[in-house]
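Its first residue numbered 1333, the sequence shown is counted upward by one per residue in our numbering.
Here a beta-carbon is modelled for each residue, glycine too, at the ideal position from N, C-alpha and C.
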Amino acid sequence: MSRLTITRRWLVNNLGVISAMLFAVVISGILLVRSYYYSSAKQYLTSRMNMVSSILQRSYNDPSTSFSSEVRSVAVNWSEKDKTEIMVVGDKENITLTSSGFVPAENIDSMTDYTQAVSNGANGYYIGKMSTGEHIMAVCVLLPENDSGYSAIRLVSSLESVDRHISAISLALAVICLAVLLMMMLSGLYFVKSIVIPVRQIGSTARRYAMGDFSVRITKKNDDEIGELCDIVNHMASELALSEAMKNEFISSVSHELRTPLTAIKGWAETIGSMPEDAETVTKGMRVIGSESERLSQMVEELLDFSRMQNGRFSLDKTTMDILAELGDAVLIYTEKAKREGIEVIYNEPDMLPFVYGDKNRIRQVFINVIDNAIKYSDKGGTVTVQALMADAETIQINISDTGCGISQQDLPKVKTKFYKANHTRRGSGIGLAVADEIITMHGGSLDISSEYGKGTTVTIKIPIQKN
Ligand SMILES: Nc1ncnc2c1ncn2[C@@H]1O[C@H](COP(=O)(O)OP(=O)(O)OP(=O)(O)O)[C@@H](O)[C@H]1O
Ligand SMILES: [Mg+2]
């Protein structure tokens, strides 16, 4: 559909105007050539006629010569018989004598030059047809009054060969213009096709993307704007495919994460149900059920936060707060867990840092997320170091470093993206850092990650202190 529209628009807008212009050029060219040839012919006839007139005038003025015999002699001895013909008009407005010897029965209608000369008393000019149908040009001069029976002299030239020339030139002009038009049409169609075909291809590929098939890519043919569009669309498809894959991965990890505590809760509930009299089992079971429920509700909270962030309904409950208290809490929560996994957490708490205006629960949530990652992505024997210091007079800086698996250079820029997981060997939904980064940004701070693959990772959080 679009191909027809663009091509048609191009045909009408571009080719239409050019055709009209070329048509005008051809017509004006033909008129110009015609007028040039005819005016040269007229000039020639007029000059010959002037010559004849002056000879006859001389004879008219000379009483020793016979005017009528001079007229006859001029006609009979006319030297340019091959090009022009002299016709002498008699008193009765008929041709009485010609240089060719053949006297045509010319009627007065085909002698406009003569009637013109009679009406203005001097000379006349005519382009038209003789009674025989031949296309001619004629000039006519009235003879001075005399008694020879001759009233005027016409000089007639056939235009047949001039017309043939004009037709040949006109034809050549038209052929050249047609060839130009054809070439323009071909090059234009090629150009339009070079746009329309890739655009259709992009359109049909985009339709497949819309239906969820991201496997196809557009082949880029040229390094121009269309090529750039192909690159952009291909890139968009890769990103969509990645985000689709991440979303699926997210759903499966979240389901997995939710199922694990649920399995534990269900298992312990059944165990307690089957031996309610065993106080030790009941106590242990209740403890596990309690802690697993806590883990579940934390996960659901995190998912809800994430969803609120996506909808723009995530808000902070800001108060003046001591950042060290929240950091201390987060470290404390994880120290035991780390010890169980054979990981050492080192934290030398500074005496005091300036207050921050922020949401203490959210800030603690950030520390928990980051420390959780540091432990999760470290192996037995690893160390997690937590530091809190002043980056400058107005900014608090928290560094959380580990000696874990690290993040490769190509994954590093993406780990803060939602659902993105660089490491699929550990459990996780891939939203912890996205949420943490959003919370810190909402506090006017920054969360940066530096890492060396296989060596360890450092997360640097900067938060501005409370002013005034
Ligand atoms: N300290 C770290 N060491 C190595 N890799 C890390 C570290 N922190 C984050 N990552 C990488 O960044 C990815 C994203 O981290 P993020 O905290 O957002 O998700 P997650 O830990 O996989 O899941 P969640 O935190 O939502 O349970 C992780 O999957 C992991 O590959
Ligand atoms: Mg995490």
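Between the CA atoms of ASP1711 and GLU1673 - distance to the nearest angstrom:
Rounded to the nearest angstrom, the gap between the Cα atoms of GLU1673 and ASP1711 is 8 angstroms.
Could you round the C-beta distance between ILE1771 and THR1715 to whole angstroms and report it? I think they count as a contact, below 8 angstroms.
With a contact defined as Cβ atoms closer than 8 angstroms, ILE1771 and THR1715 miss out at about 26 angstroms.
Determine, using beta carbons only, whether GLY1617 and THR1595 come nearer to each other than 7 angstroms.
Result no, Cβ atoms of GLY1617 and THR1595 do not sit closer than 7 angstroms.
Compute the distance between the beta-carbons of SER1489 and MET1462, then report whether it is under 7 angstroms.
Taking 7 angstroms as the Cβ cut-off, SER1489 and MET1462 do not qualify as a contacting pair.
If I measure Cβ to Cβ from ILE1795 and keep anything under 6 angstroms in the same chain, skipping five residues before and after, which residues do I get?
By the criterion of a C-beta distance shorter than 6 angstroms, ILE1795 is surrounded in its chain by VAL1688, ILE1728, HIS1775, GLY1777, once the five residues flanking it on both sides are discounted.
Candidates ALA1407, MET1419, ARG1496, LYS1650: which alpha carbon is nearest VAL1365's?
Here the closest residue by C-alpha is ARG1496.
If we count the other Cβ atoms within 10 Å of its Cβ and call it buried at 16 or more, is PRO1530 buried or exposed?
Buried, because 16 or more other Cβ atoms sit within 10 Å of the Cβ of PRO1530.
Is PRO1745 helix, strand or coil when you go by DSSP?
It is helical.
Residues in its own chain within less than 8 angstroms of GLN1798 by CB, not counting five upstream and five downstream?
Closer than 8 angstroms at Cβ, skipping near neighbours: THR1652, PRO1686, PHE1687, VAL1688, TYR1689.
Once the 5 residues before and after ALA1407 are set aside, which same chain residues still bring their CB inside 6 angstroms of it?
Non-local C-beta neighbours of ALA1407 in its own chain, meaning closer than 6 angstroms and more than five positions away in sequence, comprise ILE1418, VAL1420, LEU1429, SER1431, ordered along the chain.
In this structure, what does DSSP give as the bridge partners for GLU1784?
Listed as beta-bridge partners of GLU1784 by DSSP are GLY1788.
When the Cα of ARG1341 is compared with those of ALA1504, GLY1520, THR1416, LEU1656, which residue comes out closest?
The closest CA to that of ARG1341, considering only ALA1504, GLY1520, THR1416, LEU1656, is found on GLY1520.
Is DSSP giving LEU1354 helix, strand or coil here?
Helix, per DSSP.
Near ligand 2: ASN1705 beta-carbon under 6 angstroms from a heavy atom
Placement of the Cβ of ASN1705 at a distance of less than 6 angstroms from at least one heavy atom of ligand 2 is found.
Is ALA1754 a contact residue of ligand 1, with contact defined as CB to any heavy atom under 6 angstroms?
Checking every heavy atom of ligand 1 against the Cβ of ALA1754, one is found closer than 6 angstroms.
ARG1486 to VAL1358, Cα distance in whole Å?
So the two alpha carbons sit approximately 35 angstroms from each other.
Which term fits THR1757, buried or exposed, when burial requires 16 or more other beta carbons within 10 angstroms of its beta carbon?
Classification for THR1757: exposed.
Whole-angstrom distance between GLU1624 and ILE1597, CA atom to CA atom:
When rounded, the distance between both Cα atoms is 7 angstroms.
Taking the alpha helix (DSSP H) that ARG1696 belongs to, which residues open and close that run?
Here the alpha helix (DSSP H) through ARG1696 covers 1692–1708.
What three-state label does DSSP hand MET1517 in the structure shown?
In the structure shown, MET1517 adopts helical secondary structure according to DSSP, grouped into three states.
Report the partner residues of MET1296 according to the DSSP bridge assignment.
Examination of residue 1296 is not possible in this model, given that the chain is present from 1333 through 1800 alone.
Could you name the residues of the same chain whose beta carbon sits closer than 7 angstroms to that of MET1333, not counting the 5 residues immediately before and after it, in chain order?
With a pLDDT of only 49 at MET1333, under the threshold of 50, the placement of this residue in the model should not be trusted; the figure read from the coordinates follows. Counting only residues of its own chain and dropping the five nearest sequence neighbours on each side, MET1333 has no CB closer than 7 angstroms to any other CB.
With a threshold of 8 angstroms on Cβ separation, who are the neighbours of GLU1438 within its own chain once the five nearest residues in sequence on each side are excluded?
If we look at GLU1438 and ignore the five residues flanking it on each side, its Cβ neighbours are MET1419, ASN1426, ILE1427, MET1462, SER1463.
For ASP1654, which residues in the same chain have their Cβ closer than 7 angstroms to its Cβ, ignoring the five residues on either side in sequence?
Only residues of its own chain outside the window of five on either side were considered, and among them PHE1687 have a CB closer than 7 angstroms to the CB of ASP1654, listed in chain order.
Considering only DSSP beta bridges, list what VAL1614 is partnered with.
None, per the DSSP bridge assignment.
Could you compute how far the alpha carbon of GLY1764 sits from the alpha carbon of GLY1788?
Going by C-alpha positions, GLY1764 is about 18 angstroms away from GLY1788.
is_contact[VAL1512, chain C] using C-beta, thresh 7 angstroms:
Included in the structure is just one protein chain, with no chain C present.
Which residues in the same chain as MET1684 place their Cβ atom closer than 8 angstroms to its Cβ, once the five residues preceding and following it in sequence are excluded?
Within the same chain, LEU1656 come within 8 angstroms of MET1684 by CB-CB distance, once the 5 residues on both sides are set aside.
Look at the alpha carbon of THR1397 and the alpha carbon of GLU1466, and state the distance between them as a whole number of angstroms.
Going by the C-alpha atoms only, they are around 36 angstroms apart.
Closest Cα partner of THR1792 within the set ILE1665, LEU1779, ASN1345, TYR1785
Comparing alpha-carbon positions, the option among ILE1665, LEU1779, ASN1345, TYR1785 lying closest to THR1792 turns out to be LEU1779.
Taking the Cβ atom as the reference point for each residue, do SER1783 and ILE1739 lie within a distance shorter than 7 angstroms?
For SER1783 and ILE1739, yes; Cβs fall inside 7 angstroms.
So ILE1534 packs on LEU1561, CB below 8 angstroms; how close in whole Å?
Cβ-Cβ separation between ILE1534 and LEU1561: approximately 7 angstroms, consistent with a contact (criterion under 8 angstroms).
Relative to the alpha-carbon of ILE1730, which residue among LEU1377, GLU1676, ILE1707, LEU1659 has its alpha-carbon at the smallest distance?
Nearest to ILE1730 by C-alpha distance, out of LEU1377, GLU1676, ILE1707, LEU1659, is LEU1659.
Is it the case that the Cβ atoms of THR1339 and VAL1524 are separated by a distance below 7 angstroms?
With contacts defined by Cβ atoms closer than 7 angstroms, THR1339 and VAL1524 form a contacting pair.
Quick check: what's the CA-CA separation for SER1483 versus LEU1363?
Roughly 36 angstroms separates the two Cα atoms.
By how many angstroms is the C-alpha of GLN1697 removed from the C-alpha of PHE1646?
When only Cα atoms are considered, PHE1646 and GLN1697 end up about 14 angstroms apart.
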